[in-house]
Each structure stands twice: as structure tokens, then as C-alpha cells.
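For the sequence shown, the numbering used here assigns the number 7 to the initial residue and increments by one for each residue that follows.
Glycine included, C-beta positions come from ideal geometry on N, C-alpha and C.
Since the model is a prediction, treat every value here as computed from it, not as a measurement.
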Amino acid sequence: MGIRELLSLAILMAALVVVPTAQAAPSPGEHKMDIYYPGTEELAPDEMRVVACGTGMPSPRPKQAAACWLVELGNGDKFLFDIGAGSHERIAAQKISYDYLDKVFLGHLHVDHYGDLASFWLGGTTMNRLTPLRVWGPSGPTPELGTAHALKLMKGMYAWDIASRESVIDPRGMVLEVTEFDYKGVNKVIFEENGVTIRTIPAIHSLDGAVSFILEWNGLKFTYSSDTAPNSWWIEHTKDSDISIHESFLPPSLMITKMKFIPKEALIVSTIVHTSPQQFGKLMSLTKPRMAVGYHFQNDFDTLPVMIEEVRKTYDGPVVFAEDYTVFNITKDKIRVRDSAIDEAVFPPNPIREKNPIPPPTESPYSKFISDGHELFPEVLGPIWDKINKENGTDYKLPE
């Protein structure tokens, strides 16, 4: 490749690609307007914000968590689409009260699309969530392969975790409400509240039981593929989206050289099980979104030029190849794309509801065997409890 071609490629990358970086959060008054600082901007009543909380592969890495997208609306509603391994950390970085983050939509049951659900559910109870967590997910070809069964088993797997927390923190956030819908539904409404409509279409990925999502609100249309091969439902029902987020997997050549797949594996995984970049471009050419977004690949200095070159063979419209923390602000007039500055030392936001007092336990959670080994050191803890009681106007007694 000559100097002219390299320069052209660099200009193309600068025009098309957002590469977010984690930066130190500034003090008030120091904000640069080309950077998004979570927790500092209110949405306009007619505005949608979409945040990439996971854009990578089944094995998360420090740079990219697995699939997760946060959608925030000007009416106050917030939705999570997929919640793959590693994404909980990115969600927490948004500095949003967990009470607002109570709606999760799963495209399918691969670990890179719901691997952090348990962490978000039960970890959220210690982060001050006081509302039930509502989860929507598809049925499967058999009941045992559907969302309801999977999350029933998840609750059983975490029985010790749940039992250990119930007597020490407000348990309202431990409630898990699961809505399973038919994966065969075509443009079928699965959610309709507060002026927001969410529909699903079937996806083609690995096994029956995968779906893609369409969210419409206030004249804006958000579409999200989760994982899927190209299909007629996507082409028919996602036309003219304001933002169209679709997987764009590494091409077979990079699956071989970077991921060490054998050629047949690379061909099947990249072009049949998933959507290759040229196929992604073809889909965007057919559906013509205001903004196309490619995700679900290792977005690096050496892979990105290949992805751009492949997509441009079949699509010449606006596109962003997302990394974690890419932010889109969408109105009917404008789409703004920015990096995020992330506070890596984030603490949980304040709850939006008052916590219920925890009644004193009627019996110890421990057996006599364990209790006999417990050393409280009352001479150490007594002053600590007295200090906290004095500062907060309480009169809690140190257990004996």
C-alpha cells in the first residue's frame, strides 16, 4: 500500500470511527463538549442516548466487555439490551441509580449476552437497588432451552447468596421478574409502557431461540441485532432506523490469523453463524439507517482498517465501529457521537427510594459450631457502634 492509500485510509478512519478512551473525570466547569461525562447531562425530553457497555467477544478483555447496550430516553426510561460478561462494570460507570436500571432484554442465552446478569441482579442489591429486576428473553425450541427455565436455574444456583443477604439488607431488589416471549414472533410487541414500544423479530444464530429488538419512542427508532446471521426479518422491519446496531464479525481471514481458527471454522463462524463485515454492509445498504453501528469484534489498530475496507465494499453510508463507552445522543435533527470519560473509582449512586428498616433477626444465621468460633472483640466494636449511633441518631446494640 502506497503513501497516498495510507493517507486516504487514515482520513476515512477519522471520519467514520469513534475510539473511546477512559479518561480521568474532570472537576466541575472543566468539561470538554466532545466528551461525555456520565452522570452530568440530562437528556432533553425528545432525546435518546445509547451507550455501548460491551462491544467485544465471548471472552471479555480489559478493552472490551461482551455485548451490552444501554438505551436512555428523555421520558426517564432506561433499558439494557443484553448484559454479557464484563458489562456490569461498564454499566456501573454510568453513575445511574440501580432503581432506574430495572429492565433487561436478552437476545439469546449465550454467556457473552447474559453472563453478567447474576452479578447485576444480586450485586445490584448491595448497590441500593430497591425495585424488582425485570428481564425479558426468548423461548427456546424446548422449554428447557428458554429464558424462564434458564433464570429459574440461575436463581437456584445462587440460593446461598440470596439466603445470606435477606436478613442484612433490604430484600426488595432481590426480586427477579421474568417474561418469556415467543422467539418466533415477527415484529411482535413484547413491551409497551410510557410511550415506549419494543418489538422482536427472529434472529438466526446457532440454534432456534435467538431474537433481535426494535425500540420505538417519540418518533425515534433503535434497532439491535444481538447476534444473528443476515435474515429477511431484519431487512423488512428495521428500515429507516435512526440508529441500527448490528453485529459485524471479523472476516474469515482475521479469524484465521488473529483467533487461530482453522479455515472451515472461520468460514462457518464468520459468515454463517454470524454476520461478516461485507454482509453487515449489505444489510445497511438495504435498510438505510441514519446511523449504522458495527460491533462484536476485537476493535484494534490492525483489525479496524480491515473491517472498514470490507464494509465499504457493500455500504457507503454513515457508520461507526463502536468500542466500549461510545455514546450516541439522538434527536430527530441530529446524531452526536462521542467518547466517554470514565470515573474508575465510582461508588453506587444514592437510592431513589427510602430503605426499609431491617427487623432484628429472631435467631442467628449461624450454627452453634460457627457461632462458637466468632470473635467480636467488643472492646474494638463498642466505640465504633457508639460513634455511628451518635452521628446518625440511632441506638443499635452490638450483638452479644
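| query | Does the Cβ-Cβ distance between isoleucine 89 and histidine 119 come in under 9 Å? | reply | yes
| query | What first and last residue would you give for the alpha helix (DSSP H) that runs through proline 258? | reply | 258-263
| query | According to the Cβ coordinates, are alanine 351 and isoleucine 41 closer than 9 Å? | reply | no
| request: Decide if the region 184-194 is in contact with the region 128-146; the criterion is three or more beta carbon pairs, one per stretch, under 8 Å apart. | output: yes
| Quick one: Cα of aspartate 270 to Cα of glycine 80, how far? | Rather than aspartate, the amino acid found at residue 270 in this sequence is lysine. The alpha-carbon atoms of lysine 270 and glycine 80 are separated by roughly 47 Å.
| request: Please check if any C-beta of chain C sits within less than 9 Å of the C-beta of histidine 116. | output: As a matter of chain content, chain C is missing from the structure shown, which is built from one protein chain.
| task | Look at the alpha carbon of isoleucine 251 and the alpha carbon of proline 371, and state the distance between them as a whole number of angstroms. | result | 48 Å
| task | Answer yes or no: do arginine 205 and glutamate 222 have a C-beta to C-beta separation smaller than 9 Å? | result | yes
| message | Across the region 165-176 and the region 237-249, are there enough close Cβ pairs to call them in contact, namely three or more that are closer than 8 Å? | response | no
| Could you give the C-beta distance for tyrosine 331 and glutamate 253, rounded to a whole number, given that I count them as a contact under 8 Å? | About 19 Å separates the two Cβ atoms, so there is no contact after all.
| query | Is the beta carbon of phenylalanine 327 less than 9 Å from the beta carbon of methionine 313? | reply | yes
| query | In this structure, does DSSP put alanine 50 in helix, strand or coil? | reply | coil
| Are the beta-carbon atoms of arginine 296 and aspartate 246 separated by less than 9 Å? | yes
| How many angstroms separate the CA atom of lysine 290 from the CA atom of valine 275? | Note on residue identity: the sequence assigns methionine, not lysine, to residue 290. Rounded to whole angstroms, methionine 290 to valine 275 spans 20 Å at the Cα level.
| query | Do you know offhand how far phenylalanine 85's Cα is from isoleucine 376's? | reply | 43 Å
| message | Starting from threonine 153, trace the alpha helix (DSSP H) in both directions and tell me its first and last residue. | response | 153-163
| query | Taking C-alpha atoms, which residue in Ala71, Glu198, Glu397 lies nearest to asparagine 305? | reply | Ala71
| said: Quick check on leucine 213: buried or exposed, where buried means 16 or more other Cβ atoms within 10 Å of its Cβ? | reply: exposed
| query | Count the other CB atoms within 10 Å of the CB of glutamate 381; is the residue buried (16 or more) or exposed (fewer)? | reply | exposed
| query | Who are the near neighbours of isoleucine 358 in its chain, counting only those whose CB is closer than 6 Å to its CB and skipping five residues on each side? | reply | Ser103, Asp105
| Is DSSP giving leucine 86 helix, strand or coil here? | strand
| Applying the criterion that 16 or more other CB atoms from any shown protein chain within 10 Å of the CB defines a buried residue, is aspartate 378 buried or exposed? | exposed
| task | Could you check what DSSP says for proline 34 in three-state terms: helix, strand or coil? | result | Caution applies to proline 34, whose pLDDT of 40 falls short of 50 and renders its modelled position unreliable; the model cannot decide the point.
| field | Per-residue DSSP class, three states only, for isoleucine 97 | value | helix
| request: Could you check what DSSP says for aspartate 322 in three-state terms: helix, strand or coil? | output: coil
| proline 367 - DSSP class collapsed to helix/strand/coil | coil
| request: Less than 8 Å between the CB atoms is what I'm expecting for aspartate 410 and threonine 337, so what's the real figure, rounded? | output: Within the shown structure, residues of the chain are numbered from 7 to 406, placing residue 410 beyond reach of any answer.
| Endpoints, beta strand (DSSP E) assigned at methionine 290 | Unbroken run through methionine 290 is the alpha helix (DSSP H), 283-293; no beta strand (DSSP E).
| query | In the structure shown, what three-state DSSP assignment does isoleucine 274 receive? | reply | helix
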